[in-house]
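Residue numbers (the numbering used here): 3 to 401. Don't be surprised by glycine CBs; every beta carbon is placed ideally from N, CA and C. Note that the structure is a prediction, hence the values are computed from the model and not measured.
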């Protein structure tokens with residue numbers, strides 16, 4: 003083979019791209035990975051606060067959002083979370099389990115990236131080109147593709163699009179994968195930022211600004227889903243796991259509800275306190291459950307006129323009203339922080355036009371899609387990485 007000829011060209015040196023590359027090379031395929039950034043795996047390195055939430059102990063198809071929800075089953079079944087955990091253990095990478103089965107490295111995401119690069123190196127068949135931007139892809143008449151890049155021309159029998167989505171453009175997120183999909187006749191679902199903080203422009207923004215840095219455990223819900231996790235107030239709006247999770251099920255113009263005390267039946271609690279501590283103020287009682295600054299803001303929002311009234315002087319009806327508001331406080335974000343801070347991109351290549359077994363395009367022989375470029379988005383908690391590993395494994399068996 004001449005220098006620019008390969009069996010497989012992988013576009014993107016992120017999680018799914020590097021995984022596809024080394025697994026295809028293990029089958030004897032000569033692979034080139036082209037990456038437009040100056041370094042590989044930038045998104046891996048910053049994920050999970052630099053600790054890389056590389057998978058989850060409990061992976062189910064229901065952890066993924068897609069217009070075609072059954073699509074993920076085949077790949078997830080054939081390369082499971084336990085398969086990847088096995089690889090991590092082989093490399094002696096120490097990890098810990100956090101809430102909801104999330105697995106994080108103890109010594110940093112760099113170990114996951116080093117493991118993938120080591121696997122590529124061991125095969126002796128993977129070339130990685132950084133600062134290499136794809137300009138055009140042409141399907142050749144006989145078979146395969148010609149790929150024009152800023153580092154010259156490549157030819158390959160198979161092309162794997164592992165370019166990710168539009169999230170965090172500073173780390174290399176771009177729309178090239180969607181353009182290539184459309185070029186070859188694929189339908190691409192509209193994309194939007196996912197797993198992203200909410201922003202506000204109404205009076206509630208002043209509240210979140212004043213509470214910036216405070217966190218409470220809360221349930222965020224709308225008609226589509228609900229999540230009970232930490233809620234973080236920021237100077238721009240709401241963040242934290244519960245906000246990020248719900249952002250995948252929210253669109254501009256919609257409101258959602260916050261239950262500030264999901265673990266307690268507030269009606270019963272307040273009525274009981276009315277009898278046991280009739281002289282207490284509501285803010286004093288709620289101070290047992292929230293930081294003082296949060297209680298003051300909630301008081302100003304929900305019961306300002308009763309701030310100095312002892313609970314024993316309040317009717318049950320008033321207490322029920324306060325409890326209902328605290329359990330279902332409605333807010334309407336003006337938007338989200340967008341792709342700038344989004345962890346994932348919702349939407350993408352229509353999976354009904356891609357084989358769930360091989361990840362190959364049904365429209366163009368030899369063209370494959372893996373990872374985030376597809377219309378598959380995982381919940382927060384290691385699921386998007388697991389989709390990267392599983393979809394890469396599926397493609398690697400057939401490229």
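First and last residue of the uninterrupted beta strand (DSSP E) at residue i
| i | result |
| --- | --- |
| residue 218 | 217 to 223 |
| residue 441 | Residue 441 lies beyond the stretch modelled for the chain, which goes from 3 to 401, so this question has no answer here. |
| residue 408 | The question about residue 408 has no answer, for the chain in this structure spans 3 to 401. |
| residue 228 | 228 to 235 |
| residue 57 | 55 to 58 |
| residue 98 | 97 to 99 |
| residue 371 | 369 to 371 |
| residue 34 | 33 to 36 |
Segment limits, alpha helix (DSSP H) that includes residue i
| i | result |
| --- | --- |
| residue 243 | 243 to 249 |
| residue 194 | That residue, residue 194, is in no alpha helix (DSSP H); its beta strand (DSSP E) goes 190 to 196. |
| residue 186 | Run containing residue 186: none; DSSP gives neither H nor E here. |
| residue 13 | Looking at the DSSP string, residue 13 is not in any alpha helix (DSSP H); the run it does join, the beta strand (DSSP E), is 7 to 13. |
| residue 279 | Residue 279 -> no alpha helix (DSSP H), and no H or E assigned at all. |
| residue 107 | It is not in any alpha helix (DSSP H) - residue 107 instead sits in the beta strand (DSSP E) that spans 104 to 107. |
| residue 395 | 385 to 398 |
| residue 42 | Taken as a continuous stretch (DSSP letters only), residue 42 belongs to no alpha helix (DSSP H), as it is neither H nor E. |
| residue 90 | 83 to 92 |
Own chain residues within Cβ distance below 8 Å of residue i, not counting five before or after
| i | result |
| --- | --- |
| residue 63 | 71, 72, 74, 75, 78 |
| residue 53 | 106, 107, 108, 110, 111 |
| residue 224 | 248, 251, 252, 256, 257, 258, 259 |
| residue 391 | 17, 18, 21, 57, 81, 85, 86 |
| residue 321 | 269, 272, 273, 276, 313 |
Residue from the options with nearest C-alpha to residue i
| i | options | result |
| --- | --- | --- |
| residue 272 | 254, 114, 328 | 328 |
| residue 369 | 185, 89, 324, 337 | 185 |
| residue 91 | 263, 107, 81 | 107 |
| residue 6 | 361, 147, 241 | 147 |
| residue 165 | 346, 276, 318 | 346 |
| residue 1 | 245, 340, 393 | Nothing in the structure corresponds to residue 1, since the chain is present only between 3 and 401. |
| residue 93 | 114, 84, 81, 82 | 114 |
| residue 156 | 315, 9, 390 | 9 |
| residue 374 | 11, 349, 396, 23 | 349 |
| residue 221 | 262, 206, 118, 47 | 262 |
| residue 117 | 215, 169, 46 | 46 |
| residue 351 | 376, 330, 372 | 376 |
| residue 310 | 206, 340, 301 | 301 |
| residue 68 | 143, 180, 190, 88 | 190 |
Close beta carbons around residue i, own chain, < 7 Å, minus the five adjacent residues each side
| i | result |
| --- | --- |
| residue 3 | Since pLDDT at residue 3 reaches only 48, below the 50 mark, its modelled position is unreliable, and the value read off the structure follows with that caveat. These residues qualify, in order along the chain: 32. |
| residue 136 | 13, 36, 149, 151, 178 |
| residue 141 | 147, 366 |
| residue 182 | 139, 163 |
Own chain residues within Cβ distance below 6 Å of residue i, not counting five before or after
| i | result |
| --- | --- |
| residue 211 | 237 |
| residue 202 | 239, 335, 336 |
| residue 234 | 217, 241, 242 |
| residue 122 | 23, 24, 128 |
| residue 354 | 70 |
| residue 26 | 10, 33, 398, 401 |
| residue 388 | 57, 61, 83 |
| residue 59 | 103 |
Any non-hydrogen atom of the ligand SAH closer than 6 Å to residue i Cβ
| i | result |
| --- | --- |
| residue 97 | In terms of ligand content, the structure shown is empty, and the ligand SAH therefore cannot be addressed. |
Three-pair Cβ contact test at 8 Å for the segment 87 to 107 versus the segment 379 to 396: yes
Beta strand (DSSP E) runs contained entirely in the segment 312 to 363, provided each spans 3 or more residues: 331 to 333, 346 to 351
The segment 289 to 299 / the segment 226 to 233 touching (three or more Cβ pairs under 8 Å): no
Unbroken stretches of the beta strand (DSSP E), 3 residues or longer, contained in the segment 116 to 170: 128 to 131, 136 to 141, 147 to 151, 154 to 163
Contact the segment 275 to 295 vs the segment 305 to 312: 3+ CB pairs below 8 Å: yes
Segment contact, 8 Å Cβ cut-off, at least three pairs: the segment 40 to 49 with the segment 6 to 20: yes
contact_flag[the segment 322 to 341, the segment 119 to 133] where n(CB pairs < 8 Å) is 3 or more: no
Three-pair Cβ contact test at 8 Å for the segment 340 to 355 versus the segment 192 to 199: yes
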